[in-house]
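Residue numbers (this note's numbering), protein chains in the order written: chain S, 1 to 502; chain R, 503 to 1004. Shown next, in structure tokens, is the structure this report addresses.
Protein chains: 2
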Amino acid sequence: MILKAHLIDISTGRRSAILNEKDAEKIGVAPHDRVKVRCKSKVSTAIVDTSSKLVAPGQVGLCKELQEDLQVKEGDEVEVIPTPLPQSTIYIRKKMFGGKLTPEEIDAIVKDVVEYNLSDLEISAFLLSELFHGMDMSEIESLTKSMVKYGEIIDFGRPVYDKHSIGGVPGNKVSLLIVPIVAAAGLLIPKTSSKAITSPSGTADTMSVLANVELTAEELKEVALKVGGCIAWGGTLNLAPADDIFIRVEHPLRIDPEPQLIASIMAKKLATSVKHLVIDIPTGKGAKVETMEHARELAAKFIELGNRLGINVKCGITYGGQPVGHAVGPALEAREALEALMGGGPMSLVEKSTALAGLLLEMGGVVAKGFGKEKAMEILRSGKALQKMREIIEAQGGDPNVKPEDIPVGDRKHVVTAPCDGYITQVDNKTIVDIARAAGAPADKGAGVLLHAKVGYKVKKGDVLMEIYAERSTKLQDAVSILSQRNPIVVEGMLLQTLPEY
Amino acid sequence: MILKAHLIDISTGRRSAILNEKDAEKIGVAPHDRVKVRCKSKVSTAIVDTSSKLVAPGQVGLCKELQEDLQVKEGDEVEVIPTPLPQSTIYIRKKMFGGKLTPEEIDAIVKDVVEYNLSDLEISAFLLSELFHGMDMSEIESLTKSMVKYGEIIDFGRPVYDKHSIGGVPGNKVSLLIVPIVAAAGLLIPKTSSKAITSPSGTADTMSVLANVELTAEELKEVALKVGGCIAWGGTLNLAPADDIFIRVEHPLRIDPEPQLIASIMAKKLATSVKHLVIDIPTGKGAKVETMEHARELAAKFIELGNRLGINVKCGITYGGQPVGHAVGPALEAREALEALMGGGPMSLVEKSTALAGLLLEMGGVVAKGFGKEKAMEILRSGKALQKMREIIEAQGGDPNVKPEDIPVGDRKHVVTAPCDGYITQVDNKTIVDIARAAGAPADKGAGVLLHAKVGYKVKKGDVLMEIYAERSTKLQDAVSILSQRNPIVVEGMLLQTLPEY
């Protein structure tokens, strides 16, 4: 059917063609169905929506994504042709019923994800099937390779070292220490990382307080080769772009299927030509991984997949039962990282960062096995890591002389105090995350939580347990309202609940 | 945030509020997030989409569904407030990880489905979780009751009899015989049925060839009480409306989780006050249920659920390994049903219809146990069923004197002949369905397939095996192209494939 293009300025994250209801009926398509849309020599596949008035009969509404694909102008002639389901939907169905997918089948799915041939519903069915049925190592390997195949690859011409955390523990700003330590030791560590999806601050969010993290592939390469390291957002680099689409669908469902988690991390590493990789697996109550058994299983998978992909992987299982350090939220975390680089900062942050950095130093032959942590600590204490961090900040367009106190944090504050004397027995990750996010993090960079007490601390009634920071009072209220239902910090002697409730 | 309403004529099947990207960032929401939208005294929950131009900063685009909810005019002041995830998403998550849901939890999910508080992604996660983890009988009972609770209930003031097929076998027009047979025996059988979702013709599609099937609840009651039976589309009656939303999400994923299937059927029956119900479970290769064991399990579930709901259920397991009768597609099936009522028609159709109708006659005490089929056959052969069907057609606004040959079928035709002499060993349901749908059924009422041979028939080379009917030549081509890859009808002696392919 030949229709006139009507440009519609909605960005749906997929290719949407909006047909008038009557035209849709005429060519026998319904919402969620697929059509080919052709304009001159350009063809694209789109998902159908219908409208009775926005798009008149004879017109086809084209969303932003399609306009770009087809380079179409208002009123251009566009041909719309119903198309059968892509073959990849059959493979998704196979996985849905517990089948094992071949490399070719996985490749077809990933290709159709990247080319927007699959609807969000179909992608979610694939992800949920992974969650329910799992994937074996061959499937995960194929998934990883296909995600890399349909994206950019950055080659630095030198062995690349990297560190990655599987996430799930708040306040985990260790990359801001590890990258400069490792780079100061002469190893190349061009770290790309994510913005927060469900946490109050991803590494890229925290780094964005100090410097520009939105680098092009060329800039990333230039910065990394010049100063030995960088901390950039992966989102602008088109590395394994299928992953971004998978994440966009995982996010509203708050799922993170393990095969996808593994493939996602390893695909980004393969795409940045990483050869030596340390993976941090925070483990403990409220973290993504709750038991040591699970952590060990997951580590074994990363190591095996690394072998298959030619990446030397070491995993560090770390304590993830409470936040790392004291600060949660972009600005508060950036402050804390800087303080640690300057010789201060909380012990838990320094210990964890040097332990993981030490593994990389050993893998890079900087020191013999068993001496990495010591060497990392030495680089940190000597001020070389701070110096390197300032070089990285400068190379990424930030102020190299930034001091912790220069970093603005939210000016609305709520202080939580101990209701009684006692020892802290629990700092609940999930509640801290929810409070920090309710306070506005990561979008409001100055929002977050500053812990004054962690597990094992002895406190007296009235001592400050934590401060909540926000940039807007409505957000502060939202965050404070969570406190009425959930205790983020438990003092051993306190009443957890009274019954009947009053 | 207070914004100006901008009415957008898209119907998305959910409540979409389109915010300008900047406003969305300001209030901290992203696509798929939920907001409350308030206009004067009306409040509704909507799912966020974003736009950079269609909706200007300071505006909020409201889709059709929201416009109706809020009774809003262009430019009206509307307040948009971010809202937390509804509690039901936590229950969906519980099911996602294999938990058992309480009646209250299921009720919360169904309520939020009906009130459009859940996104398609969340609903699909619930349905896929049912598919993967199943549901026990208490959960199915709760699901059924909640689906009824949030919809209309029609009370006829008399005991209601009904027949339902779980579907999955093409050509199953038995309701067009059963309803008039049962009604002619004096039992009340106000049948509501679905339009085709994945089949070439639902009972409502077939009936729509003969009469109006889009009745209001009042009309349905009037027709049924006047002539004793009707065959209407359930879609206009708002019976268990949650079910329609579940189906809308199941459709693009082509899934039909068993707990949902059972609850869906029983909810519609409960909502039409059915007391005595015969369920047809077509069983065989290519049907929804492939083995007798599975059919018996499913029957036991329907019977147990019936007990819990106060519905007297009998299940008939029927042969579903090939199409019922010869005709597949709305007009062809309507013709065939009418022929059968007039004393002709294929034996398989007549046998199956009278067997199931007989069960209802026994349940209604019209005859003693064991004599139902005989009685049903007598009513059919006597012409009373035909007479009753003509009354039903007339009461539903159709032509009571319609003859089979009056019913128009598609004028494009392709004939498939036997490639060799032999016995028919297989008529493949799925291929027949795909061919009939490709030919245009059910939207093109005249499209479909007419089988001239079924399993066991002896044919000679060149004999007609089937005819494909279409209203448009492009559709006919689509249907014929399926034949090049798949054999809908297998003659024992024929080559199924040659290797290497040529």
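Ideal Cβ placement from N, Cα and C applies to all residues, glycine included. The structure presented is a predicted model; accordingly, all values stated were derived computationally and were not measured.
- Using a Cβ distance threshold of 8 angstroms, Y593(R) and E607(R) count as a contacting pair.
- Of all alpha-carbon atoms in Y821(R), L505(R), G900(R) and K693(R), the one lying nearest the alpha-carbon of Q561(R) is that of L505(R).
- Listed along the chain, the chain S residues whose CB falls inside 8 angstroms of the CB of H534(R) are H251 and P252.
- DSSP lists K506(R) as the beta-bridge partner residues of E579(R).
- In this structure G320(S) touches G168(S) by the C-beta definition: roughly 7 angstroms separates them, less than 8 angstroms.
- DSSP, read as helix, strand or coil, puts Y618(R) in coil.
- For I611(R), the nearest beta carbon of chain S is not closer than 8 angstroms to its own beta carbon.
- Within a 10 Å sphere around the beta-carbon of M347(S) sit fewer than 16 other beta-carbons, which makes this residue exposed.
- Between the alpha carbons of S273(S) and F156(S) lies a distance of about 7 angstroms.
- For chain S, the residues of the segment 620-642 of chain R that bring a beta carbon within less than 9 angstroms of one of its beta carbons are S621, D622, L623, E624, S626, A627, L630, S631, L633, F634 and H635, in chain order.
- Under DSSP, the beta-bridge partners assigned to M466(S) are V416(S) and L451(S).
- Counting C-beta atoms within 10 angstroms of its own C-beta, S983(R) has fewer than 16 neighbours from the protein chains shown and is therefore classed as exposed.
- Excluding the 5 residues flanking it on each side, E835(R) has same chain C-beta neighbours closer than 6 angstroms at K675, S703, T708 and A829, in chain order.
- Judged by beta-carbon spacing, E391(S) lies beyond the 8 angstroms limit of V179(S), meaning their Cβ atoms are not closer than that value.
- Below the 8 angstroms Cβ cutoff, chain S contributes I8, D9 and I10 as neighbours of L556(R), in chain order.
- Taken in chain order, the complete beta strand (DSSP E) segments of 3 residues or longer contained in the segment 344-427 of chain S are 412-417 and 422-427.
- Interface annotation, S553(R): in contact with chain S, CB-CB separation under 8 angstroms.
- Spatial neighbours of T425(S) in its own chain (CB-CB distance under 7 angstroms, excluding positions within 5 residues in sequence) are listed in chain order as V455, V490 and E492.
- With a cut-off of 8 angstroms on Cβ pairs, the segment 794-804 of chain R is in contact with the segment 760-772 of chain R, counting three or more such pairs.
- Within the DSSP secondary-structure output, H164(S) pairs in a beta bridge with I279(S).
- Under the rule that a run must span 4 or more residues, the alpha helix (DSSP H) segments found entirely inside the segment 732-792 of chain R read 743-755 and 760-773.
- Nearest neighbour of I510(R) by Cα position, chosen from P533(R), Q569(R), K871(R) and K555(R), turns out to be Q569(R).
- For G942(R), the chain S residues whose C-beta falls within less than 9 angstroms of its own C-beta are G28, listed in chain order.
- In this structure, A686(R) lies near I881(R), with their beta-carbon atoms less than 8 angstroms apart.
- Secondary structure in the segment 514-596 of chain R: the beta strand (DSSP E) runs of 3 residues or longer, each lying completely within the stretch, are 518-522, 536-541, 544-553, 561-564 and 579-584 in chain order.
- The C-beta of E527(R) comes closer than 8 angstroms to at least one C-beta of chain S.
- Around the CB of S855(R), 16 or more other CB atoms lie within 10 Å, so the residue is classed as buried.
- The Cβ atoms of I47(S) and R34(S) lie closer than 8 angstroms to each other.
- Chain order gives the chain R residues near I18(S) as I512, where near means a beta carbon separation below 8 angstroms.
- Under DSSP, the beta-bridge partners assigned to Y319(S) are T283(S).
- In the DSSP assignment, K191(S) falls within the beta strand (DSSP E) that extends over I189 to S193.
- Distance from the CA of I279(S) to the CA of S165(S), rounded to the nearest whole angstrom, comes to 6 angstroms.
- Cβ-Cβ separation between L843(R) and L679(R): approximately 6 angstroms, consistent with a contact (criterion under 8 angstroms).
- Collapsing the DSSP output to three states places V328(S) in a strand.
- For A470(S), no chain R residue has a Cβ inside 8 angstroms of its Cβ, as the nearest lies near 11 angstroms away.
- The beta-carbon of A945(R) is placed less than 8 angstroms from the nearest beta-carbon of chain S.
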